[in-house]
Structures are given as C-alpha cells and as structure tokens.
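Note sheet for the following structure.
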Amino acid sequence: MSAPGSDDRRDPSSPLLEVSNLSATVEGFEVTHGLDLEVNEGEAVALVGRNGAGKTSTFRSIMGLTPVANGSIRLHGEELLDMRPELIPKRGIGYQPESRDLFTGMTVEENFRLPIWTAGEARGVEDEDALVEEIFELFDELEDRRDAEVQNLSGGQGKMTAIGRALALQPDLLILDEPLEGLAPVVVENVKSYIHEIIDRDISVLIAESNASHVPEIVDRMYVIERGEIVDSGDPEALSSDEEIQMLMQGGGE
Amino acid sequence: MSRFLVDRDGETHLRLAEGMELTKNQAVLAAVGLVALLIVPDITRFTPLSFTAIHRGILFGLAAVGLNLLLRHTELVSFGHAAFFGVGAYAAAVLASQFDVSSGLLMLLGSVLAATAISVLIGYFVAGYLDIYFALLTLAFNQVLYAFVLQSGYFNYSDGLNVRPDGLNPPALFGLQLSSTGYELVLYYLTVVVLVVSLLVMWKLVNSPFGRALDAIGQNRTRARFVGIPVEKYVWVAFVISGIYGGLAGGLFALLQLHVSPEPTLYAFVSGEILFMAILGGFGTLVGPVIGGVVLVYLLVQAPFYIEYYNALTGLMLLAVVLFLPEGILGSIPKIGTGLSRRRRDPGLLREDVATIGSSLRRGVSRAATTVRIIVFGVN
Numbered sequence: 051m052s053a054p055g056s057d058d059r060r061d062p063s064s065p066l067l068e069v070s071n072l073s074a075t076v077e078g079f080e081v082t083h084g085l086d087l088e089v090n091e092g093e094a095v096a097l098v099g100r101n102g103a104g105k106t107s108t109f110r111s112i113m114g115l116t117p118v119a120n121g122s123i124r125l126h127g128e129e130l131l132d133m134r135p136e137l138i139p140k141r142g143i144g145y146q147p148e149s150r151d152l153f154t155g156m157t158v159e160e161n162f163r164l165p166i167w168t169a170g171e172a173r174g175v176e177d178e179d180a181l182v183e184e185i186f187e188l189f190d191e192l193e194d195r196r197d198a199e200v201q202n203l204s205g206g207q208g209k210m211t212a213i214g215r216a217l218a219l220q221p222d223l224l225i226l227d228e229p230l231e232g233l234a235p236v237v238v239e240n241v242k243s244y245i246h247e248i249i250d251r252d253i254s255v256l257i258a259e260s261n262a263s264h265v266p267e268i269v270d271r272m273y274v275i276e277r278g279e280i281v282d283s284g285d286p287e288a289l290s291s292d293e294e295i296q297m298l299m300q301g302g303g304e
Numbered sequence: 011m012s013r014f015l016v017d018r019d020g021e022t023h024l025r026l027a028e029g030m031e032l033t034k035n036q037a038v039l040a041a042v043g044l045v046a047l048l049i050v051p052d053i054t055r056f057t058p059l060s061f062t063a064i065h066r067g068i069l070f071g072l073a074a075v076g077l078n079l080l081l082r083h084t085e086l087v088s089f090g091h092a093a094f095f096g097v098g099a100y101a102a103a104v105l106a107s108q109f110d111v112s113s114g115l116l117m118l119l120g121s122v123l124a125a126t127a128i129s130v131l132i133g134y135f136v137a138g139y140l141d142i143y144f145a146l147l148t149l150a151f152n153q154v155l156y157a158f159v160l161q162s163g164y165f166n167y168s169d170g171l172n173v174r175p176d177g178l179n180p181p182a183l184f185g186l187q188l189s190s191t192g193y194e195l196v197l198y199y200l201t202v203v204v205l206v207v208s209l210l211v212m213w214k215l216v217n218s219p220f221g222r223a224l225d226a227i228g229q230n231r232t233r234a235r236f237v238g239i240p241v242e243k244y245v246w247v248a249f250v251i252s253g254i255y256g257g258l259a260g261g262l263f264a265l266l267q268l269h270v271s272p273e274p275t276l277y278a279f280v281s282g283e284i285l286f287m288a289i290l291g292g293f294g295t296l297v298g299p300v301i302g303g304v305v306l307v308y309l310l311v312q313a314p315f316y317i318e319y320y321n322a323l324t325g326l327m328l329l330a331v332v333l334f335l336p337e338g339i340l341g342s343i344p345k346i347g348t349g350l351s352r353r354r355r356d357p358g359l360l361r362e363d364v365a366t367i368g369s370s371l372r373r374g375v376s377r378a379a380t381t382v383r384i385i386v387f388g389v390n
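Each protein sequence line maps, in turn, to chains A and B. Just add 50 to wherever you are in the first sequence, counting from 1, and you've got our numbering. Just add 10 to wherever you are in the second sequence, counting from 1, and you've got our numbering.
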C-alpha cells in the first residue's frame, strides 16, 4: 500500500504533516491553543492526553471537520485549512474516528469499497479488488465477516473495520483516534499487532491515546496534550515512565 | 446453479444483472405486478374500475419513485416535487400550444429537459441543507413557481393550456394520429414502458457505488466526507435525477389530461400528495411509491362519489399509515406474510390476537371516556 506518484503541490523538503499554532474551536470555545505537531514520512507518532484534552478536536481540525480560528495544517507542505473536507481524504489522510462511524446497513466489504469508489482514483488505486483483498489479508479476523452488516460486529471487529476503511484510501498518513479504547485486553493485543503491521508497511501513523502505557510499544515519538496545549514531547519510553506525566494521565496533574 | 440463479445464505435468488437480485417472493410479486400493469386496459373495460384514474395513479407513482431517491437514500424530505411534475407538464403543454409541436414524444423530451434545467437550478441552492430547512426550501421554490405560472399570461393564468397542437386533436404518438380510445391505450402502454424502464434504472442506480454513497450521505454527512464523498455534489446529482423522474411523469400527465393548469400540477398540495404516495406505498422499497400512487389517486378520484367529507380522506389515511403501517403497503407485506404463516401453523396465536385487540379496545374506550369526562366536567 504505497503512496501514489508525486504531485506538484507537494514540497519534498517539508514534513508529511505539519500542524502549527493551531487554535480549533468547538461551538465558539477555543479547544486547542496554539498547538504544534509534526509527523515525518514513515513515522509513528502518538498524541497522549486525558479525555477532553483536545485530541479528537485536533484530529477533526486536520480532517476539516472542526472550525479553526488560527494556525496552519500542512500535508506535504500543502495547506489543508479552507480545503473542502471531502478533499482531505483524497490528499492522503485516512481517518478512524473514535466513535468508529461505520456505514450501517452496509457490509464490511462495502464499508471498505466506499472510499475506493469515491476517492480511489485520486489515491491512485489501480485494482480495487486487490486492495480490498489486501485489507482482508491484514485483518484476517474480518475475512469470514465480510458479508456481515457492520452493526452486527463486535466492538473489536468494528474498530478493525473502521481502520480498514481508512486504509482503503491508500493513505500517506493514517490517523487513529483511540483505536484501543473500550476493547477487551485480548482484543487490544490483536489490534496492536495490526497497527504494528500497518506501520511495518511504511504508512505513517498518528494515534491518539488516553492510556500512555500502550504507547511505547507502538510509536517512535509521542506528544503529551493537556488542556489543548502540547506540554511535552519526545521519546515515548522515557515520557510514559515520567512520574509527572503519569500523574497527569491519571487526572492528578493539577 | 445457472447464470440467473444464485445462492445467498441458502436462499435462491434470481439474478438479473450485477447488483440486481430478487428473492423468490420478490420475483413472484414483480411478475404479478407486471402482468397486472399489462392487463389494466382489459380489466377496466369489463369492470367499473376507472382506466384513467389508474393511469394517472401510475404517473404520480413515477414521480413518487423519483422523490423516493431522496427520501430513502439521502434521507431528505422534499416538499416541492410538484415543481418538477408541473414544469414537466407545462413544458409539454407549451410545446403543444405555443410551438405547435405535434409529436407526443418530442413533448416528453421537452418535459425532461425543462425538469432537468429547473432541478439543476433548485438543487444548487438546496443541496447543502438538511431536515426541515431542506423541506422548507423545496416548498418555497415550489410555491414561487406556482405563483409565477398563476400570474403569467404566457401560461394562461389559472385556466392553463391545452395540449392539443392543432387546437382539436391529441398529439401524435409514434407518428400516428390516433382516435381518442386508441390514443389513450397507446399512451398507457407508453407509460408502462417508461415506468418499467425508470424502475430498472433506479434499481441499478441505488445499487451502484453512487447509490451506496447516497446512503452514506443520508446516514451522516460528516462520516461521508471523511471517506472522500463530495456530499453536496452527490446530493445535487440525486436531486436532478429525482427531478427528471418528476418531469417525465408531468409530461405524461399532460399527454393524458390534454390540459395543464397550475392547481393539479404545480400546487404545493400536489407535492404533499407525491410525498404521501411514497410513504403510503412504502418508502423503504423501490416499487412501493408506484403502489402508493395508484392507491391514493384512485381513492381521491373515487371518494367524492361515495363519501361526503372526502377531503378529509388523505389526512385520515396518512394518520392510519403512520400509526398502523409505518413501512407502507409494500413494506408491510413481508411482515404480514410471516405473521399469517405463523398463525397458520399455530392457530392459538389467533385467540391471542383477539384478546389483544379486545383489551386495547377496552383501554382505548376507557381512556376516551376519561378524556370526555374531563372535558365536560373538569378535572375534579
């Protein structure tokens, strides 16, 4: 699942995703305050913070779904702000929202095909069937649920379908909003191994997590977000064992 | 299994084309429906049933099929589909009366083109709206058109236009100048062909990727956007397709009635009726709106002969459908079918039904009595 050919809008010297000085608003309230964030080509990065810290708002701003008062969001150097939201997936960002947001009444396979039908051409998908099979190969658990309507899936299978649907865009950057949240421990391990496999395929990944303990085994770098601001960033191993950060995660970092 | 039969979870489906499959029951229903359509002229000849009323019902049903594309898939309620029906009808009438076009088929082409143009225009403004805003905007555009035609001398005000190119005879069909009986018969079969083709096209369309994308948009526009669906553009296209169906139906209506005036074609009540037809027949189904069209138009035509307060009929029926048949006539058939076959196997259920009906009646009566008592005597 490699990225399609080069594009003249792109600036090869800039990072894959560059969020700078982002102030997003939800219903008139500013929820992030001058947030900076970067994901480089081939990198796996986590955005870690408590519920309500601004992770989802940041992601939704990147996807063009939340109004932005200030700042800039660049993909391959191209400004995404003020772009119509449906163009952003076509530029190469696959998004798995926290609430999964699957297309009910449709089968798992149809959920995978929908993005290919609408954005496949823009993403340089040549063989639709091959791509769908590739996703089913990755999420082998979904193989025999292929024709099941998605509202009948278990929680874990639903997450996998949502991630698979984002992969159907052949994304340059995959954004996963709490992919492990609310899953049974066994399933968490499963989904983690799938994420590892995706990262091994050289797809850059940006993950939101509220549980810092999962993070070091998945990503190369992490940001800590608190009250809409990045308060720390760096090596996930070191950061997640930092006592102050741990306090923060448990809601005691006042 | 042969080319036309496929196995789906142990059930044999008739497969007509990619994405177009019927279960055994659906195939039987479709065959019965098709035969019924074909023999309508014969049946009405030997029974007191009204041929014209059924014909008109099918036309309105076609418009309702178009409206149902928006209702069922993008989950948008249009209160303005008479705009397209009326524009289609008026396009045919204008061609006949002002431009002396004598070919019925050319008039239909005119209807389709005019409906396309007007739905492109209206669709551009409404595609970004949802729910009540969408409903009100479509209604508003409908009323603007109605008022404009009503005030315009070109369209002969409220009297409307005749669809008789030479001022006397009906238009030619397939190059033939027919007697009035022959004309109605040929026009009927033309309508049947148009209806069947339109249904097949709609069926193919809603099972295509585009149709799935419309379903996605109907569920949640944000969700549709982050998989790259251009929401407004697709809604716009669906709106235009929907409008073309309405325009085609309106053109056929003009050819059938040979006269077009604002009230029965463009008025907002007509929009309401088209919407009700889809709900009555079953808006969760492809063919339901046609059944709804035939049933409603037939009842509206016949009711004045039997009931004094026939104007209340639509309202009462709407109430009854919403309360007792929320999935409409066609949508309820599978449920009624399983209900009946369960009762055939277990007659004890029938006794339970009677008991349920009895107890709910008793409860209803006592509640009504309480209400009356409160109204008459006050709370204490």
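Just so it is clear, CB atoms sit at the ideal spot from N, CA and C, and this is done for glycine as well. Values in this document were obtained by computation on a predicted structure and should not be read as measured data.
Please report how far the alpha carbon of residue i lies from the alpha carbon of residue j, in whole angstroms.
i: glycine 298(B); j: leucine 285(B); result: 12 Å
i: leucine 85(A); j: isoleucine 280(A); result: 6 Å
i: glutamate 184(A); j: glutamate 178(A); result: 10 Å
i: asparagine 179(B); j: serine 190(B); result: 8 Å
i: glycine 303(A); j: glutamine 296(A); result: With a pLDDT of 40 at glycine 303(A), under the threshold of 50, the predicted position of this residue should be treated as unreliable, and no value is reported.
i: alanine 264(B); j: leucine 79(B); result: 23 Å
i: leucine 350(B); j: serine 369(B); result: 21 Å
i: glutamate 242(B); j: alanine 322(B); result: 38 Å
i: glycine 206(A); j: aspartate 292(A); result: 30 Å
i: leucine 340(B); j: glutamate 267(A); result: 55 Å
i: tryptophan 246(B); j: leucine 147(B); result: 14 Å
i: arginine 55(B); j: phenylalanine 61(B); result: 8 Å
i: valine 307(B); j: isoleucine 49(B); result: 19 Å
i: valine 45(B); j: isoleucine 257(A); result: 59 Å
i: phenylalanine 94(B); j: isoleucine 142(B); result: 20 Å
i: valine 206(B); j: leucine 360(B); result: 39 Å
i: asparagine 261(A); j: glycine 284(A); result: 16 Å
Quick check on residue i: buried or exposed, where buried means 16 or more other Cβ atoms within 10 Å of its Cβ?
i: lysine 105(A); result: buried
i: proline 336(B); result: exposed
i: phenylalanine 153(A); result: buried
i: tyrosine 100(B); result: buried
i: proline 229(A); result: buried
i: alanine 248(B); result: buried
i: tyrosine 134(B); result: exposed
i: arginine 13(B); result: exposed
i: glycine 170(A); result: buried
i: glycine 238(B); result: buried
i: glutamine 108(B); result: exposed
i: glutamine 161(B); result: exposed
i: tyrosine 193(B); result: buried
i: threonine 84(B); result: buried
i: glutamine 229(B); result: buried
i: serine 52(A); result: Because serine 52(A) carries a pLDDT of 44, less than 50, the predicted location of this residue cannot be relied on, and no value is offered for it.
i: threonine 22(B); result: exposed
Using CA atoms only, rank isn't needed, just tell me which of the options is closest to residue i.
i: methionine 210(A); options: Asp179(A), Ser243(A), Glu178(A); result: Ser243(A)
i: alanine 137(B); options: Ser162(B), Val87(B), Val111(B); result: Val87(B)
i: valine 200(A); options: Ala218(A), Asn261(A), Glu267(A), Gly155(A); result: Gly155(A)
i: proline 65(A); options: Leu223(A), Glu176(A), Ser73(A); result: Leu223(A)
i: methionine 272(A); options: Ser260(A), Leu289(A), Ala103(A), Asn261(A); result: Leu289(A)
i: valine 255(A); options: Leu181(A), Ile213(A), Gly208(A), Val175(A); result: Ile213(A)
i: valine 291(B); options: Val45(B), Leu210(B), Phe70(B), Arg354(B); result: At residue 291(B) the sequence reads glycine, which differs from the valine that was named. That would be Phe70(B), whose Cα lies nearest to the Cα of glycine 291(B).
i: phenylalanine 89(B); options: Gly388(B), Val280(B), Leu119(B); result: Val280(B)
i: methionine 117(B); options: Ala259(B), Met30(B), Gln312(B), Lys345(B); result: Ala259(B)
i: glutamate 276(A); options: Val76(A), Ser107(A), Gly92(A); result: Ser107(A)
i: proline 58(B); options: Val211(B), Ala27(B), Gln312(B), Ala40(B); result: Gln312(B)
DSSP has residue i in a bridge; who is on the other side?
i: glutamate 68(A); result: Glu88(A), Arg124(A)
i: valine 95(A); result: Leu256(A), Arg271(A)
i: arginine 18(B); result: Glu21(B)
i: asparagine 172(B); result: His269(B)
i: leucine 32(B); result: Leu24(B)
i: alanine 92(B); result: None; alanine 92(B) has no bridge partner.
i: leucine 226(A); result: Gln146(A), Ile257(A)
Would you mind giving the Cβ-Cβ distance between residue i and residue j, rounded to the nearest angstrom? I have them listed as a contact below 8 Å.
i: valine 270(B); j: glycine 114(B); result: Not a contact, Cβ separation roughly 14 Å.
i: isoleucine 143(A); j: isoleucine 112(A); result: 7 Å
i: methionine 287(B); j: alanine 74(B); result: 4 Å
i: valine 81(A); j: glycine 278(A); result: 5 Å
i: alanine 127(B); j: valine 173(B); result: Their Cβ separation, rounded to whole angstroms, is 20 Å, which puts alanine 127(B) and valine 173(B) out of contact at 8 Å.
i: alanine 145(B); j: tyrosine 277(B); result: In fact, because the Cβ distance is near 17 Å, the residues do not count as touching under 8 Å.
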